[in-house]
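Single-structure report; data block below.
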Amino acid sequence: MLSLKSSMRTTSMMTSSVMSCSPASMSMRIRSRGAVPQRAGLTTTKNFSLKSRHVSLARAASASPVSAEASAPPASATSEDAESKPERRKRMLSGVQPTGDLHLGNYFGAIRNWVTFQENFDAFFCVVDLHAITVQPHDPKLLRDSTLSSAAMYLASGIDPARSNVFVQSHVRAHSELTWLLNCVTPLGWLQRMIQFKEKAVKQGEDVGVGLLDYPVLMAADILLYQADLVPVGEDQRQHLELTRDIAGRVNDKYGGKKWKKRGGRGGRVFRVPEAYIPPAGARVMSMTDGKKKMSKSDPAEGSRINLLDPPDVIANKVKRCKTDAFDGLEYGNDERPEANNLLSIYELATGLERDAVLAEVGSCRWGEFKPRLAEAVVEHLRPIQERYHDVRSDDGELERILARGAEAAAEVANATVDDCRDALGFAPGKRL
């Protein structure tokens, strides 16, 4: 993801001794969000109704086992010159590749967190389709269909285009242009040290493309274009974000500051150096067939993941067949029981219950008792999201208009950054066609 799919830290050890499995209680805690004023300068038609019925997303988008304080970093920004400039609202950028179906890991690890972020940040959420072609071959028809499907799922999960910029990466040409500019200042050795390139290159052998090697530079361009303050990343993407910080620092040092000013430019830094935001522990979703591996779209085993659009019977079957262990009872944090930790975490995330409440409710259950509860919790959590998704896809024309407005707003910011970078690097001014 970018492959900016969040990968959460392992949860702390918590065990519980419960005498008996409590009665099934599937009541979910619904936490409603207060109204947030619409951001200035960004409007949307139809109030994003898409002529659809109202579907409550409070449980789907807001219910969380972590506190609001923990799930969203502070959003206030310190102005460089508080007396003469208005306080700048902090920016956040994230995105998911449109490869395959989005699953619980994408949702709990990334997309659901974005719903909270959009209330406190200038948020840019893109479908990173340029990243989707770095692994070859790719299916052109599937790429097009998955791009719209991913965008619709963003909206169905609670991303509001009146408060966030939602767009498709390739619709903003500045992403490709800045990537080339950054390619020319990034040492090859930096890219060759990237762990993900080494791992994926081995799998592709002689067919590995230059795009896979250059993937981190494109990711750096994505982030730096919007002068992002914070970027939600999982541990698997932390190295790429560090590369982004290094590239930004290199350009600022070599071409920014007083050197740029003396050449008649604006001076100062060219790029804001972003900080990583690692979401709170507890939302990392692992494979249904291996509790030590991340849930992944690329896993050839369909039963390893629960897709956001899976129907109830498919979800129930995947949960029924998922890997478990031979221990009695259920517990968090036992390294010998990764599947128990993973399935309890999914139940926790789907119901919105705190861990103590989860253990009090199901801690003494046998697997045969727990699995139906887990399946029901996931089905009920996803039901309003699936309904909203189908409402959005019932009018692809309106979806495309929302993406076009998001791309237009994103391009205004991105083009200004590219213009600054071009000026700092010494390109001659002129009309660009």
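Numbering (the numbering used here), first residue to last: 776 to 1208. Think of the CB as a built atom: it goes at the ideal place given N, C-alpha and C, for glycine as much as any other residue.
In whole angstroms, what is the alpha-carbon distance linking residue i and residue j?
i       : j       : result
Gly816  : His950  : Here Gly816 scores only 36 on pLDDT, less than 50, and its place in the model is too uncertain to base an answer on.
Asp1194 : Val960  : 17 Å
Arg1163 : Ala931  : 5 Å
Val1089 : Tyr1107 : 26 Å
Gly884  : Lys1093 : 20 Å
Ile886  : Lys1036 : 40 Å
Gly933  : Asn940  : 13 Å
Leu1018 : Glu1144 : 47 Å
Asp1131 : Gly1138 : 9 Å
Lys1069 : Ser1079 : 9 Å
Pro1075 : Thr1064 : 11 Å
Gln1002 : Ala898  : 11 Å
Leu1134 : Phe892  : 29 Å
Ala1182 : Val943  : 7 Å
Gly1127 : Arg1044 : 43 Å
Lys1095 : Lys1146 : 6 Å
Glu1187 : Tyr1052 : 25 Å
Ile970  : Arg948  : 28 Å
Asp982  : Ala927  : 33 Å
Leu1208 : Ala1185 : 19 Å
His1165 : Asp1171 : 10 Å
Lys826  : Gly875  : Bear in mind that a pLDDT of 40 at Lys826, under 50, signals an unreliable position, so the model cannot answer this.
Asp1028 : Gln1014 : 21 Å
Thr1099 : Leu1124 : 19 Å
Glu894  : Met994  : 24 Å
Counting C-beta neighbours from all protein chains within 10 Å, is the total for residue i 16 or more, i.e. buried, or is it exposed?
i       : result
Trp1142 : buried
Ser1169 : exposed
Ala1199 : buried
His913  : exposed
Ala1189 : buried
Lys865  : buried
Ala1191 : exposed
Pro1204 : exposed
Arg1148 : buried
Leu1118 : buried
Gln872  : buried
Gln1161 : buried
Leu963  : exposed
Gln967  : exposed
Ser1073 : exposed
Glu1175 : exposed
Asp1103 : exposed
Could you check where the beta strand (DSSP E) with residue i kicks off and where it finishes?
i       : result
Pro1007 : 1005-1007
Cys1097 : Per DSSP, Cys1097 belongs to no beta strand (DSSP E) and is neither H nor E.
Asn940  : 939-943
Phe899  : 897-902
Tyr1052 : 1050-1052
Using a Cβ-Cβ distance cut-off of 8 Å, determine whether residue i contacts chain D.
i      : result
His946 : Any reference to chain D falls outside this structure, which holds one protein chain only.
Return the first residue and the last residue of the alpha helix (DSSP H) that residue i is part of.
i       : result
Met867  : It is not in any alpha helix (DSSP H) - Met867 instead sits in the beta strand (DSSP E) that spans 866-871.
Tyr1107 : It is not in any alpha helix (DSSP H) - Tyr1107 carries neither H nor E in the DSSP assignment.
Tyr1001 : That residue, Tyr1001, is in no alpha helix (DSSP H); it is neither H nor E in DSSP.
Ala927  : 915-931
Val1060 : Run containing Val1060: none; DSSP gives neither H nor E here.
Gly964  : 963-967
Gln911  : It is not in any alpha helix (DSSP H) - Gln911 carries neither H nor E in the DSSP assignment.
Tyr1164 : 1142-1168
Ser951  : 949-958
Phe892  : 887-892
Gln1014 : 1013-1030
Ala1076 : Taken as a continuous stretch (DSSP letters only), Ala1076 belongs to no alpha helix (DSSP H), as it is neither H nor E.
Asp935  : From DSSP, Asp935 is part of no alpha helix (DSSP H); its letter is neither H nor E.
Glu1136 : 1130-1137
Leu1124 : 1113-1126
Taking 8 Å as the threshold (C-beta atoms), are residue j and residue i in contact?
i       : j       : result
Pro1007 : Lys1067 : no
Thr954  : Val985  : no
Pro915  : Ile1177 : no
Leu1105 : Phe1046 : no
Gly956  : Cys1196 : According to the sequence shown, residue 956 is Leu rather than Gly. The answer is yes: Cβ separation under 8 Å.
Leu1157 : Leu877  : no
Val890  : Gly870  : no
Ala907  : Leu918  : yes
Tyr882  : Phe900  : no
Leu987  : Lys973  : no
Met867  : Asp997  : no
Gly1031 : Val1048 : no
Tell me, please, which residues DSSP counts as bridged to residue i.
i       : result
Asn1190 : Paired residue(s): none; Asn1190 is not in a bridge.
Ala1069 : Per the sequence presented here, residue 1069 reads as Lys, with Ala not at that position. Per DSSP, Met1061.
Asn1082 : His878
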